[in-house]
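Working notes, structure below.
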Amino acid sequence: IIIDEASAFKSAKSKRFKALKKVIGETKRVVQLTGTPTSNGLLDLWPQMYLLDGGQRLGRTMFAYKSRFFTSDYMGYTWTPREGAEQLIHARLDDLCFSLTGEDYLSLPDKIINDVFVSLPNDAKKTYEQLEKDFILRLEESNIIASSAAVLTNKLGQCANGFIYDDTGTAKDIHNEKIKALQEIVDGANGAPVLVAYTYREDLNRILKEFDFAEALTPSSVPRWNAGDIPMLIVHPASAGHGLNLQAGGNICVWYGLPWSLELYQQFNARLHRQGQTKPVFIHRIITKNTVDESIIMGLDNKHVTQKQLIESLKLDIQKRVD
13 IIIDEASAFK
23 SAKSKRFKAL
33 KKVIGETKRV
43 VQLTGTPTSN
53 GLLDLWPQMY
63 LLDGGQRLGR
73 TMFAYKSRFF
83 TSDYMGYTWT
93 PREGAEQLIH
103 ARLDDLCFSL
113 TGEDYLSLPD
123 KIINDVFVSL
133 PNDAKKTYEQ
143 LEKDFILRLE
153 ESNIIASSAA
163 VLTNKLGQCA
173 NGFIYDDTGT
183 AKDIHNEKIK
193 ALQEIVDGAN
203 GAPVLVAYTY
213 REDLNRILKE
223 FDFAEALTPS
233 SVPRWNAGDI
243 PMLIVHPASA
253 GHGLNLQAGG
263 NICVWYGLPW
273 SLELYQQFNA
283 RLHRQGQTKP
293 VFIHRIITKN
303 TVDESIIMGL
313 DNKHVTQKQL
323 IESLKLDIQK
333 RVD
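Numbering-wise (the numbering used here), the sequence shown opens with residue 13 and increments by one.
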């Protein structure tokens, strides 16, 4: 059995993992391929490795793996690697896994990261600061769970992007600084096609409203993009992360909204920066200063930082500003 994009099996609770687990013992050889085996931390490894060795190296169950290599908070919501656990896990998998990077084994063009910073206008800054205060207040509650922290962080991300969803799900405009930055990038592209990654539905709506030549990704748009017929293609990274070849259509990517997921980030960039690309790939990241955007970028650039660690880092940054 050859499992391409094996990270799709990183949840032991998923139907695909359970289905494959039932038949994996009946095959003589299993090969997995993935570029992002631990995009959300070391917990991702156990299901993938179990499908290779039946639990010989990391334990027969997910619980055994967690108990051996991690410690949890008192509620059992978050798990942190024990001291030296990462090195021990890598040592146990040394005979089972090996890494081949495109940069080492393929002749790829340069990948150029360009960070474009924008600032919140005064009114938007006041709104954001109030959200920060609420963020700190809620995180200091002893019974807060990870999902609640993610919801609060999402609010900060919305404001950084230029809007906020109210309780009815209606988007309220806050600013348009990222739209302005995107316009400058498009102007600088001099007619070259631009691939834009967004986070929220309202991001998509605002971009489509501002750029009448832009299109959202559909199955029929892929061949037209690769033929050079679409000036701006707007894509959610979760819809284009794996197996989509877009390198023939352009070499300019813009992150309008930034993802928490390292896997989505790396895989989306690889839609353009891959074998067959003939030009240097420019990746523009639009970042709102002094917001959650900067914490997300820190995590993406450090590569192995989990969302929990990013939220803790964000909390410290906010406390400094609030205090």
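Positions of the beta carbon are idealized from the N, C-alpha and C atoms, including for glycine.
Proximity below 8 angstroms, CB of residue i to CB of residue j
| i | j | result |
| --- | --- | --- |
| Arg297 | Ile186 | no |
| Ala209 | Cys171 | no |
| Thr48 | Gln279 | yes |
| Leu245 | Leu207 | yes |
| Pro121 | Thr290 | yes |
| Arg72 | Met61 | no |
| Tyr277 | Leu220 | no |
| Asn263 | Pro231 | no |
| Val130 | Lys301 | yes |
Cut-off 6 angstroms between Cβ atoms - residues of its own chain near residue i, not counting five sequence neighbours on either side
| i | result |
| --- | --- |
| Gly288 | Gln259 |
| Pro133 | His187 |
| Asp146 | none |
| Ser154 | Confidence in Ser154 is poor, its pLDDT being 45 and thus under 50, which makes the residue's placement unreliable; the coordinate value appears in the next sentence. Closer than 6 angstroms at the Cβ level, and outside the excluded window around Ser154, lies no residue. |
Where residue i falls, given that 16 or more other Cβ within 10 Å makes a residue buried
| i | result |
| --- | --- |
| Pro59 | buried |
| Leu45 | exposed |
| Lys22 | buried |
| Tyr77 | buried |
| Val247 | buried |
| Pro249 | buried |
| Leu112 | exposed |
| Ile14 | exposed |
| Gly261 | buried |
| Asn281 | buried |
| Phe225 | exposed |
| Val43 | exposed |
Own chain, CB closer than 8 angstroms to residue i, minus 5 neighbours either side, in chain order
| i | result |
| --- | --- |
| Ile309 | Asp127, Leu270, Arg297, Ile299 |
| Asp65 | Leu108 |
Nonlocal neighbours in the same chain, by C-beta distance under 7 angstroms from residue i, ignoring five residues either side
| i | result |
| --- | --- |
| Tyr212 | Gln170, Asn173, Gly269 |
| His285 | Leu120, Lys123, Val293 |
Identity of the residues DSSP links to residue i by a beta bridge
| i | result |
| --- | --- |
| Phe129 | Ile299 |
| Gln142 | Gln142 pairs with nothing; no bridge assigned. |
To test your reading of the DSSP string, which unbroken beta strand (DSSP E) runs of 3 or more residues are found completely within the stretch 153–202? 175–177, 183–185
Mind pulling the alpha helix (DSSP H) runs of 4 or more residues that sit fully within the stretch 55–98? 57–65, 74–81
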